[in-house]
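Visitor: Keeping their order, the protein sequence lines are chains A and B. Position one of the first sequence corresponds to residue 0 (numbering that gives the first Met the number 0), numbered consecutively onward. Position one of the second sequence corresponds to residue 0 (numbering that gives the first Met the number 0), numbered consecutively onward. Ideal Cβ positions, reconstructed from N, Cα and C, are used throughout, including at glycine.
2 protein chains.
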Amino acid sequence: MNEISLLCKILPRLKQRDEIAVGPGDDCAAIDMGDNYLLAAVDQLIGGVHYISETTPAAAAGAKLLKRNLSDIAAMGGVPLYALVTVASSRKEEEWFMGFYDGLELEAEKWNVSICGGDLSGLPAGGTSEVTTLTILGKTAKNHLCLRSGAKPGYLLFCTGCFGNSLNSGHHLDFVPRLKEGEFLAGKYTTAMMDVSDGLLLDACRMATASAVGIELWTECIPLRGGATLEQALTDGEDYELILAVSPDNVPDLKRNWPFPDTPLSEIGFFTSSRPGQVFDRDGNELNKGTYKGYEHFRD
Amino acid sequence: MNEISLLCKILPRLKQRDEIAVGPGDDCAAIDMGDNYLLAAVDQLIGGVHYISETTPAAAAGAKLLKRNLSDIAAMGGVPLYALVTVASSRKEEEWFMGFYDGLELEAEKWNVSICGGDLSGLPAGGTSEVTTLTILGKTAKNHLCLRSGAKPGYLLFCTGCFGNSLNSGHHLDFVPRLKEGEFLAGKYTTAMMDVSDGLLLDACRMATASAVGIELWTECIPLRGGATLEQALTDGEDYELILAVSPDNVPDLKRNWPFPDTPLSEIGFFTSSRPGQVFDRDGNELNKGTYKGYEHFRD
Chain A
0 MNEISLLCKI LPRLKQRDEI AVGPGDDCAA IDMGDNYLLA AVDQLIGGVH YISETTPAAA
60 AGAKLLKRNL SDIAAMGGVP LYALVTVASS RKEEEWFMGF YDGLELEAEK WNVSICGGDL
120 SGLPAGGTSE VTTLTILGKT AKNHLCLRSG AKPGYLLFCT GCFGNSLNSG HHLDFVPRLK
180 EGEFLAGKYT TAMMDVSDGL LLDACRMATA SAVGIELWTE CIPLRGGATL EQALTDGEDY
240 ELILAVSPDN VPDLKRNWPF PDTPLSEIGF FTSSRPGQVF DRDGNELNKG TYKGYEHFRD
Chain B
0 MNEISLLCKI LPRLKQRDEI AVGPGDDCAA IDMGDNYLLA AVDQLIGGVH YISETTPAAA
60 AGAKLLKRNL SDIAAMGGVP LYALVTVASS RKEEEWFMGF YDGLELEAEK WNVSICGGDL
120 SGLPAGGTSE VTTLTILGKT AKNHLCLRSG AKPGYLLFCT GCFGNSLNSG HHLDFVPRLK
180 EGEFLAGKYT TAMMDVSDGL LLDACRMATA SAVGIELWTE CIPLRGGATL EQALTDGEDY
240 ELILAVSPDN VPDLKRNWPF PDTPLSEIGF FTSSRPGQVF DRDGNELNKG TYKGYEHFRD
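1. Assign Asp194/B to one of three DSSP states: helix, strand, or coil.
2. What's the call for Ile72/A, buried or exposed, on a 16-neighbour Cβ count within 10 Å?
3. Check the Cβ of Gly22/A against every Cβ in chain B and list those closer than 9 Å, keeping chain order.
4. What first and last residue would you give for the beta strand (DSSP E) that runs through Lys138/B?
5. Buried or exposed: Ile51/B, going by 16 or more other Cβ atoms within 10 Å of its Cβ?
6. State the Cα-Cα distance for the pair Ser113/B and Ile9/A, rounded to the nearest angstrom.
7. Buried or exposed for Cys204/A, please, with buried defined as at least 16 other CB atoms from any protein chain shown within 10 angstroms of its CB.
8. For chain B, check one thing: does any of its Cβ atoms lie closer than 8 Å to the Cβ of Lys138/A?
9. Does any residue of chain B bring its CB to less than 8 Å from the CB of Thr208/A?
10. Where does the unbroken alpha helix (DSSP H) through Ser70/A begin, and where does it stop?
11. Please report whether the beta-carbon of Ser120/A lies at a distance below 8 Å from any beta-carbon of chain B.
12. Return the CA-CA distance between Leu133/A and Trp110/B, expressed in angstroms with no decimal places.
13. With 16 as the cutoff for other CB atoms within 10 Å, does Ala124/A come out buried or exposed?
14. Just list the alpha helix (DSSP H) runs in the region 201-233 of chain B, keeping only unbroken ones of 4 residues or longer that don't cross its boundaries, in chain order.
15. What is the rounded straight-line gap between the Cα of Val175/B and the Cα of Lys66/B?
16. Three-state secondary structure (DSSP) at Pro258/A?
17. State the beta-bridge partners of Cys158/A as determined by DSSP.
18. So what does DSSP say about Phe297/B, is it helix, strand or coil?
19. With a 10 Å radius around its C-beta and 16 neighbouring C-beta atoms as the bar for buried, classify Asp34/B as buried or exposed.
20. Roughly how many angstroms separate the alpha carbons of Leu264/B and Glu237/B, rounded to a whole number?
21. Kindly list the residues whose CB is nearer than 7 Å to the CB of Tyr100/A, restricted to its own chain and excluding five residues on each side of it in sequence; keep chain order.
22. Are three or more beta carbon pairs between the region 232-249 of chain A and the region 182-195 of chain A nearer than 8 Å?
23. Taking the alpha carbon of Ala211/B as the reference point, which residue from Lys151/B, Gly137/B and Val41/B has its own alpha carbon closest?
24. According to DSSP, simplified to helix, strand and coil, what is Ile51/A?
25. Give a yes or no on whether the C-beta atoms belonging to Thr159/B and Thr262/B are separated by under 8 Å.
26. What residues from chain A crowd round Glu2/B, counting only those whose CB sits closer than 7 Å?
27. Taking Val18/B as the reference, which of Leu5/B, Glu53/B, Leu69/B and Met32/B has the closest Cα?
28. Can you tell me where the beta strand (DSSP E) with Asp42/B in it begins and where it stops?
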């Protein structure tokens with residue numbers, strides 16, 4: 000049993016109301032509110048799974064919980080607005096909780112996000128230190144919505160930032176969610192975008208599957224985070240970068256107008272009509288089978 | 000350290016955007032959407048804390064997770080619409096997950112709620128079997144919003160249903176959230192309502208505190224669930240009933256028009272201008288100090 004095969008069984012059973020334009024399976028759900036879409040997503044951050052319980056400052060864990068979710072809003076071209084937070088913890092020290100919420104609130108204020116609800120509970124000792132979750136709500140203009148399913152053959156694959164070695168470099172804690180970049184790109188330069196949190200290869204494969212296209216990935220063009228190998232860049236996870244599909248017509252304007260000198264924007268492949276759901280290199284080797292395996296929080 | 004004192008420190012630090020009409024601390028947050036309010040709340044259900052991991056059917060746990068949250072929407076006089084669900088579990092059997100989501104989805108379809116997002120993660124073995132959370136989104140007409148803070152001196156205290164012995168009777172799993180009752184009451188008969196999940200006494204005390212009034216509780220009028228003592232009715236928790244404040248002018252109409260023959264509606268006290276934040280009996284004994292202690296998930 001793994002997360003992906005389980006979700007393949009569960010998700011089709013969930014009935015969606017008519018006003019739900021995008022249901023489970025993308026970075027956020029999108030709910031038609033008339034003038035715009037309400038975006039909603041939830042993510043977990045678990046001690047011992049997503050950070051090292053003993054050594055990670057509580058404030059860094061709190062900030063990371065929010066930033067993971069902001070990355071999902073960024074991928075939909077949205078603006079974050081509200082958050083609801085749960086903490087189930089076996090810790091007894093008030094300092095940890097105060098630190099966690101301080102880090103969370105500081106990050107929330109940076110992005111003008113209001114933490115408007117939550118729940119606290121104890122956990123029996125002996126297992127994980129805590130399970131925390133955050134539900135993010137945001138909005139996006141109807142013509143800004145960026146889905147995983149919007150890539151078309153002939154479109155170019157772009158990415159922001161660098162990949163790999165997120166854990167050792169500290170990137171998994173100190174990254175900046177690509178909200179500004181996502182808002183700049185959405186609607187104007189792309190309508191197909193997602194955030195990369197489970198490794199470039201697995202997430203690219205998800206985009207290829209959702210769009211029913213193949214991806215030729217130019218592995219030599221993938222920007223490596225300091226100290227990362229290509230394999231790490233493909234599979235480490237926790238990059239929190241964006242990948243997007245850009246029509247060839249938009250490529251010159253996008254390169255000329257990119258207004259974020261501190262955020263690399265790289266062309267790393269293109270979408271094909273052949274081999275739908277597959278990611279392969281220039282030599283035609285299928286990358287998402289065999290050698291490389293994507294990151295999965297929910298392992299066998 | 001306990002949940003209440005911790006929240007007293009954390010909640011005032013959380014900055015709220017202007018459109019948030021009700022922030023953390025009530026049953027739901029209420030966000031001004033122009034024509035109506037968007038309601039949002041989150042709650043957790045933890046194996047070994049809120050149900051017995053070994054013996055509770057997975058479907059019953061899934062249904063309970065949703066129903067706890069529906070009870071919060073009921074307390075605001077709202078209609079539930081969407082849910083986002085997380086599961087962090089150390090279990091390996093696919094059957095448990097399928098059963099959990101089946102129970103959840105079956106309950107969701109009863110109320111026309113769409114599970115539009117979620118996240119699954121593993122947990123290290125040795126602690127709790129799982130931590131599950133659900134964020135509920137709903138809506139309510141602006142004149143239907145029912146807050147804890149709306150009780151006034153001279154108003155009568157009413158409750159739905161019975162109290163106590165929820166665990167042994169199975170009520171904590173098989174209860175029906177009071178959505179129909181809440182919608183009937185909201186705006187017309189009351190503007191001050193809350194759900195009772197942590198014990199009648201603690202939750203009545205919360206309402207008294209939020210409204211800056213006292214409550215004279217007629218303990219002999221409290222309907223006892225089969226097998227419950229008064230003390231259990233006051234402190235057991237997990238009743239998922241509504242308490243509400245009703246103006247004396249509305250009492251005759253409310254009693255005459257109550258359309259739910261299967262749901263007891265009882266008059267169990269009244270609100271006073273003296274002793275704000277206190278709950279006391281007919282003899283003036285303060286109930287929320289000393290003998291009786293409310294239920295708390297997050298103990299010292």
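Guide: For this structure:
1. strand
2. Residue burial is scored here from C-beta neighbours: Ile72/A has at least 16 other C-beta atoms within 10 angstroms and is therefore classed as buried.
3. Ser113, Ile114, Cys115 and Gly116
4. Glu129 to Ala140
5. exposed
6. 13 Å
7. buried
8. no
9. no
10. Ala57 to Ala74
11. yes
12. 24 Å
13. exposed
14. Look at the region 201-233 of chain B and you find no whole run of alpha helix (DSSP H) that is 4 residues long or longer.
15. 7 Å
16. coil
17. When beta bridges are read from the DSSP output, Cys158/A appears opposite Ile242/A and Ser265/A.
18. Low confidence applies here, because Phe297/B scores a pLDDT of 36, under 50, leaving its location unreliable; read the following figure in that light. Coil at Phe297/B, not helix or strand.
19. Within a 10 Å sphere around the beta-carbon of Asp34/B sit fewer than 16 other beta-carbons, which makes this residue exposed.
20. Distance between the alpha carbons of Leu264/B and Glu237/B: 18 Å.
21. Gly61
22. yes
23. Lys151/B
24. It is coil, neither helix nor strand.
25. yes
26. Leu119
27. Checking the displayed sequence, the identity of residue 18/B turns out to be Glu instead of Val. It is Met32/B whose Cα lies nearest to the Cα of Glu18/B.
28. Asn35 to Ile45
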